[in-house]
Amino acid sequence: MFILIGYATTEGQTAKIARHVARRITEAGHSAELLPLAEAGGLSLAPYDRVILASSIHLGHYHRALSDFAAAQATELPAKPSLLLSVSLAAAGHEAEDWRALDKIATDLAAATGWTPDEVAQVAGAYMPSRYDIFRRFVMRRIVAAQDPGADPDADHEYTDWPDLDRRIDAWLDRPSA
Ligand SMILES: Cc1cc2nc3c(=O)[nH]c(=O)nc-3n(C[C@H](O)[C@H](O)[C@H](O)COP(=O)(O)O)c2cc1C
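Under numbering that gives the first Met the number 0, read the sequence shown as residues 0 to 177, first letter to last.
Have a look at this one:
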């Protein structure tokens, strides 16, 4: 299969996740094309058998590049088997309320764009104070304290569970295409 991986990232963790997924897909004997969604305007999905879209969540929303892309592809995208990788810090925790909020962010995207992915994978991202400006440091200290009370607020920390992500990707690749 030839699989498009379109991604939107701010501090780089979703880009890292997208690259990891591309390698996994290639190792499984398929082909993958990585594309920043901000550069995907006017793209035809015709060459691809499946589509993975990935975005981090900032302040309760996916990147605008993701919703713009999904809305612009409202004809072609629903016809492709698809997976949304939803990257956040809330996914690093186990709070039922946070997980309901993550579900709602994904269903709001579907309502706004008309694209309902076949599967949504909630993926834990990273806490990267070394890359934040003052505003981001302020917001993120509160978020990380809620998710991981033992975390050092001054140290970068990656929460992404790579083996779990691999299992999700392998299972999605094994799904029969409708
Ligand atoms: C300013 C800011 C706001 C964020 N807002 C949220 C949020 O509302 N919910 C959440 O779970 N994570 C939030 N995060 C955490 C990011 O989703 C997480 O750091 C992710 O790894 C970022 O991925 P990226 O580097 O690809 O942008 C926020 C991060 C920043 C810097």
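Glycine is no exception: its CB is placed at the ideal position from the N, C-alpha and C atoms.
| field | Neighbourhood of Thr-32 by C-beta, 6 Å cutoff - its chain only, sequence neighbours within 5 removed | value | In the sequence shown, residue 32 corresponds to position 33, counting from 1. Inspection of the sequence shows that residue 32 is occupied by Glu rather than by Thr. So the list reads Leu-3, once near-sequence residues are dropped.
| field | Residue nearest to Ala-73 in terms of C-alpha spacing, selected from Tyr-6, Thr-112, Val-143 and Ala-123 | value | Position 74 of the sequence shown, counting from 1, holds the residue named residue 73. Comparing Cα positions, the closest option is Thr-112.
| request: On the DSSP bridge assignment, give the partners of Arg-49 in chain order. | output: Indexing the sequence shown from 1 puts residue 49 at position 50. Paired residues: Ile-2.
| request: Check Glu-94 in the structure and name its three-state DSSP category. | output: Residue numbering aside, residue 94 sits at position 95 when the sequence shown is read from its first letter. Note: Glu-94 maps to coil in three-state DSSP.
| said: Quick check: is any heavy atom of ligand 1 less than 8 Å from the C-beta of Thr-106? | reply: Your numbering for residue 106 matches position 107 in the sequence shown. The answer is no for Thr-106.
| field | Distance, Gly-59 Cα to Glu-10 Cα | value | For the purposes of this step, residue 10 is taken as the residue at position 11 of the sequence shown. For the purposes of this step, residue 59 is taken as the residue at position 60 of the sequence shown. Glu-10 and Gly-59: Cα-Cα distance of roughly 16 Å.
| query | For ligand 1, any of its heavy atoms closer than 8 Å to the Cβ of Gly-59? | reply | Your numbering for residue 59 matches position 60 in the sequence shown. Yes, the beta carbon of Gly-59 sits closer than 8 Å to at least one heavy atom of ligand 1.
| request: Evaluate the contact criterion for the segment 154-165 versus the segment 123-139: three or more CB pairs, one atom per stretch, below 8 Å. | output: yes
| task | Would you give the residue range spanned by the alpha helix (DSSP H) that Pro-35 belongs to? | result | Start at 1 with the first residue of the sequence shown, and residue 35 comes out as number 36. Pro-35 -> not in any alpha helix (DSSP H); beta strand (DSSP E) instead, spanning 30-35.
| task | Go through its chain and collect everything with a Cβ distance to Gln-12's Cβ below 8 Å, but skip five positions before and after it. | result | In the sequence shown, residue 12 corresponds to position 13, counting from 1. Around Gln-12: Ser-55, Val-86, Gly-124, Ala-125, Met-127, Glu-157 and Thr-159.
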